[in-house]
């Protein structure tokens, strides 16, 4: 029984989500291999070989993988699928883009966003916005799985000594092509990997107040900035800052929620944070039910005072 983890990388380094996915794969009890499909990605493949618990790294290098197009990466995964009992993807935008195509082509049921490995064929995953946990058992010969990375500790990025095998890449499918991208540049930590997140909600009242209040606190803490869906829908923050069931799932060491009521949709995305601090003037706000520390106060007074004291 051998599991294949599909690495997420930038062609130079392995992304943190891959380390959590390796931990999930290792919990199945067999060997763990990693596929690095990229363009001029030798550095990423070498980094993958250093991950603790990985016995083999497969490196497929082609211009067809330069932008992570689902059709091309899926073709490479499918070319290897017959040798594996489990195929693991991180439940990120990239993983969710590729995994369904692989599962459909193999004619198996995808097991989505697992948070626990019970055994090699049985897994736990949240449903109903995390209010219930489903235990799923699969009899498929090849199990295609996406991993909610907040549910697993990261494997050590160093200390491993996996064998590195270079293979011939799958041909470009020709079904899609990369046109361009518009990326938001930021000096702040990436939201899904940040150790500290300060997040704002509809209680901030406007985009101007959101920027003013959130920025000063985030600067003092070296934190990423997040937002509730209500704040994003109201135009206070950009879509890529949304934390929640339909946004990003995060589990930082410290999560500070300001002006966030605590709707189920938002709690599903952040309740696994190690320490949760809530600031809200409504003492009955649901956010206090998951907070480790709560402050009933006007955020426009409390947050500047907190930032000033740091």
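Residue numbers (my numbering): 1091 to 1400. All residues carry an ideal CB built from backbone N, CA and C; glycine is no exception. As the structure is a prediction and not an experimental result, all values here were calculated from the model.
Which residues mark the beginning and the end of the alpha helix (DSSP H) in which residue i is found?
i	result
residue 1187	1183-1196
residue 1236	It is not in any alpha helix (DSSP H) - residue 1236 instead sits in the beta strand (DSSP E) that spans 1233-1237.
residue 1301	1297-1311
residue 1133	1132-1139
residue 1163	1160-1170
residue 1377	Premise fails: residue 1377 is in no alpha helix (DSSP H) and is neither H nor E.
residue 1269	Here residue 1269 belongs to no alpha helix (DSSP H), and DSSP marks it neither H nor E.
residue 1359	1354-1360
Considering only C-alpha positions, which residue in the set the options is nearest to residue i?
i	options	result
residue 1377	1284, 1195, 1318 and 1331	1318
residue 1277	1308, 1093 and 1336	1308
residue 1337	1345, 1326 and 1316	1316
residue 1180	1238, 1328 and 1197	1238
residue 1290	1112, 1198, 1156 and 1368	1368
residue 1148	1213, 1247, 1255 and 1242	1255
residue 1272	1330, 1218 and 1240	1330
residue 1259	1252, 1306 and 1164	1164
residue 1138	1157, 1130, 1253 and 1362	1253
residue 1183	1346, 1306 and 1159	1159
residue 1229	1242, 1221, 1220 and 1211	1211
residue 1119	1102, 1094, 1106 and 1104	1094
residue 1266	1275, 1157 and 1373	1157
residue 1112	1340, 1389, 1341 and 1240	1240
residue 1301	1328, 1320 and 1275	1328
residue 1151	1190, 1196, 1102 and 1189	1102
residue 1375	1363, 1356 and 1218	1356
residue 1131	1166, 1153 and 1398	1153
residue 1099	1269, 1135, 1390 and 1117	1135
Look up residue i in the DSSP assignment and give the residues it is bridged to.
i	result
residue 1212	1209 and 1227
residue 1099	1104
residue 1289	1316 and 1347
residue 1370	1386
residue 1124	1095 and 1147
residue 1222	1217
residue 1254	1147
residue 1332	1317
residue 1338	1333
residue 1365	1344
Tell me which residue opens and which closes the beta strand (DSSP E) that residue i is part of.
i	result
residue 1315	1314-1317
residue 1178	1176-1180
residue 1203	1201-1204
Could you check how far apart the C-beta atoms of residue i and residue j are, in whole angstroms? I think they sit under 8 Å.
i	j	result
residue 1192	residue 1177	6 Å
residue 1287	residue 1281	7 Å
residue 1097	residue 1126	5 Å
residue 1313	residue 1284	6 Å
residue 1352	residue 1334	Actually they are not in contact, since the Cβ atoms of residue 1352 and residue 1334 sit about 11 Å apart, beyond 8 Å.
residue 1129	residue 1155	5 Å
residue 1175	residue 1091	5 Å
residue 1207	residue 1225	About 11 Å separates the two Cβ atoms, so there is no contact after all.
residue 1296	residue 1162	Wrong, their Cβ atoms sit about 43 Å apart, outside the cutoff.
residue 1109	residue 1244	4 Å
residue 1366	residue 1380	6 Å
residue 1349	residue 1292	7 Å
residue 1393	residue 1303	5 Å
residue 1222	residue 1354	Not a contact, Cβ separation roughly 12 Å.
Compute every distance between the C-beta of residue i and the non-hydrogen atoms of the ligand PLP, then say whether any falls below 6 Å.
i	result
residue 1339	The ligand PLP is absent from the structure shown, which contains no ligands of any kind.
Does the pairing of the segment 1198-1212 with the segment 1226-1246 give three or more beta-carbon distances under 8 Å?
-> In short, these stretches touch, since the Cβ pair count reaches three.
Cβ contact check for the segment 1247-1265 and the segment 1135-1155: 3 or more pairs under 8 Å = A contact is defined here as three or more CB-CB pairs under 8 Å, and the segment 1247-1265 meets this definition with respect to the segment 1135-1155.
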